[in-house]
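Enquirer: The structure under discussion is supplied below as structure tokens; questions concerning it will follow.
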Amino acid sequence: MHELSLVLDVIRQVEALARQRGAQRVTSIKLRLGPHAHLSASHLRDLFPLIARGTMAEGARVDIDVRVDPDDPYAHDVLLESVEMEL
Numbered sequence: 002m003h004e005l006s007l008v009l010d011v012i013r014q015v016e017a018l019a020r021q022r023g024a025q026r027v028t029s030i031k032l033r034l035g036p037h038a039h040l041s042a043s044h045l046r047d048l049f050p051l052i053a054r055g056t057m058a059e060g061a062r063v064d065i066d067v068r069v070d071p072d073d074p075y076a077h078d079v080l081l082e083s084v085e086m087e088l
């Protein structure tokens, strides 16, 4: 399941950033979703809480900026734009 691995990669990135900064937990995540990312925003919203369970990202708000330009250089990507944490 490619969608699962995309969300898992995001959570790994978020946890790595949180550990680097000595955070207790992640409170908010902003993602950019390209039009060819092989994952819809609704599917991402459904999967994220399930996969984040037991991680520092559990319970984090997830904001998704869905892009529509197929010529965007990141049209195939899910990009982590920002992470808010409790230190």
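Using our numbering, the letters of the sequence shown map in sequence onto residues 2 to 88. Virtual Cβ for every residue (Gly too), placed ideally from N, Cα, C.
Can the beta-carbon of LEU81 be found closer than 9 Å to that of VAL8?
Expert: Mapped onto the sequence shown, residue 81 falls at position 80. Mapped onto the sequence shown, residue 8 falls at position 7. No.
Enquirer: Rounded to a whole number of angstroms, what is the C-alpha to C-alpha distance between VAL84 and LEU40?
Expert: For this step, residue 84 is matched to residue 83 along the sequence shown. For this step, residue 40 is matched to residue 39 along the sequence shown. Approximately 20 Å between the Cα atoms of the pair.
Enquirer: Report the residue from ASP66, GLY55, ASP70, ARG20 whose alpha carbon sits nearest the alpha carbon of VAL79.
Expert: On the sequence shown, residue 79 is found 78 positions in, with the first residue counted as 1. For the residues ASP66, GLY55, ASP70, ARG20, the minimum Cα distance to VAL79 belongs to ASP66.
Enquirer: So if DSSP puts VAL79 in a beta bridge, which residue, or which two residues, is it bridged to?
Expert: To locate residue 79, count along the sequence shown from 1; it is residue 78. LEU34.
Enquirer: Between the Cα of ALA58 and the Cα atoms of LEU5, ALA17, HIS3, GLU4, which residue gives the shortest distance?
Expert: As a position in the sequence shown, residue 58 is number 57, starting the count at 1. Minimum Cα distance to ALA58 is reached at ALA17.
Enquirer: Just reading off the beta strand (DSSP E) that VAL67 is part of, what are its end residues?
Expert: As a position in the sequence shown, residue 67 is number 66, starting the count at 1. Per DSSP, the unbroken beta strand (DSSP E) holding VAL67 starts and ends at 62-67.
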